[in-house]
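Input: a single structure, listed below in structure tokens.
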Amino acid sequence: MAAVTMYTTAVCPYCQMAKRLLASKGVTAIEEIRVDQDPQVREAMMARTGRRTVPQIYIGEQHVGGFDDLSALDRAGKLDPLLK
């Protein structure tokens, strides 16, 4: 299974939905990087992703985007192959 990294905050409903969707796909380990505890971490996320919002999700080295992007990949049948 591919490694999943997710930039999150403590109170982000979209982060929780993304975790539930990934769990339904059998993803048991997500490296969470909290951006609400250190402004430098958020700046690093913005530099890496070009986006300000969370979640920002990586599967392996591929930037998937946020929850809406993750959900769209799943609906298109493209999420499972990425997770393999």
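For what it's worth, full-length UniProt numbering labels the leading residue of the sequence shown as 1, then goes sequentially. Glycine included, each C-beta is placed from N, C-alpha and C at the ideal position. All values derive from a computational prediction rather than experimental measurement.
For the alpha helix (DSSP H) that contains residue i, what are its first and last residues?
i, result
"A72", "67 to 75"
How close, in whole Å, do the beta carbons of residue i and residue j come, if the pair is a contact with beta carbons under 8 Å?
i, j, result
"G60", "A2", "5 Å"
Legend entry - Three CB pairs or more closer than 8 Å across the segment 6 to 14 and the segment 35 to 47: Contact annotation: the segment 6 to 14 touches the segment 35 to 47, with at least three C-beta pairs closer than 8 Å.
Inset, instruction - Return the chain-ordered ranges of every alpha helix (DSSP H) run that is complete within the UniProt domain "Glutaredoxin" (4 to 64) and spans a minimum of 4 residues. - result: Complete alpha helix (DSSP H) runs here, min 4: 13 to 24, 39 to 49.
Legend entry - the segment 15 to 26 / the segment 40 to 51 touching (three or more Cβ pairs under 8 Å): With fewer than three CB-CB distances shorter than 8 Å, the segment 15 to 26 does not count as touching the segment 40 to 51.
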